[in-house]
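Contents: one structure, followed by commentary.
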Amino acid sequence: MSYISRVGNLASTPVLREGDKGFYCYARVIVSDRLRADDGSYGDGPSVGYDVQVSGDLARQLVATAEESGNVRIHFEGQYRVTEYAPEGGPVRLQHEVKATEVSISLRNQHVVVVPK
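Numbering (the numbering used here), first residue to last: 29 to 145.
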């Protein structure tokens, strides 16, 4: 399994769940890279969706932040794998999965207020 570090926007507010090992959530994060064209200009590349599994206190804080602030830009990193799946009658698709070891809020293009615990 590979390790990845990316920054992107939450597609929607994740839902906090509780299992045998504690709290967790799945966050859908959309990432678009800036690509340089042959003429030297830059533009947005294709968007890639990552399914990010977040556990413990990180999950609780991420869900609370998303509920309060909506679509936030986050940094995530962790164990990364790509799997293929084929919806019934559809083409084969790729699923990008990350088991997060770190999640933080990006300061780029957004105002963030930190509240100490």
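Just so you know, even glycine gets a beta-carbon here, dropped at the ideal spot from N, CA and C.
Residue i: first and last residue of the uninterrupted beta strand (DSSP E) it sits in
i: valine 59; result: 50-64
i: asparagine 137; result: That residue, asparagine 137, is in no beta strand (DSSP E); it is neither H nor E in DSSP.
i: serine 69; result: Run containing serine 69: none; DSSP gives neither H nor E here.
Bridge-paired residues (DSSP) for residue i
i: serine 30; result: Tyr108
i: leucine 44; result: Bridge partners of leucine 44: none, in fact.
i: valine 143; result: Bridge partners of valine 143: none, in fact.
8 Å contact criterion, which residue i and residue j should meet: CB distance rounded
i: histidine 103; j: serine 83; result: So it is not a contact: roughly 17 Å between Cβ atoms.
i: glutamate 170; j: arginine 136; result: Not covered by the structure: residue 170. The range shown for the chain is 29 to 145.
Proximity below 8 Å, CB of residue i to CB of residue j
i: glutamate 105; j: serine 33; result: yes
i: asparagine 1; j: leucine 38; result: This structure cannot settle anything about residue 1, because the visible part of the chain is limited to 29 through 145.
i: alanine 128; j: glutamine 89; result: no
i: glycine 36; j: tyrosine 78; result: yes
i: serine 40; j: arginine 56; result: yes
i: tyrosine 31; j: glutamine 107; result: yes
i: alanine 94; j: phenylalanine 51; result: no
i: glycine 47; j: leucine 63; result: no
Closer than 7 Å: residue i CB and nearest the ligand FAD heavy atom
i: glycine 71; result: No copy of the ligand FAD occurs in the structure displayed, which carries no ligand at all.
Alpha helix (DSSP H) runs wholly inside the region 74-135, at least 4 long, in chain order: Runs found: 84-97.
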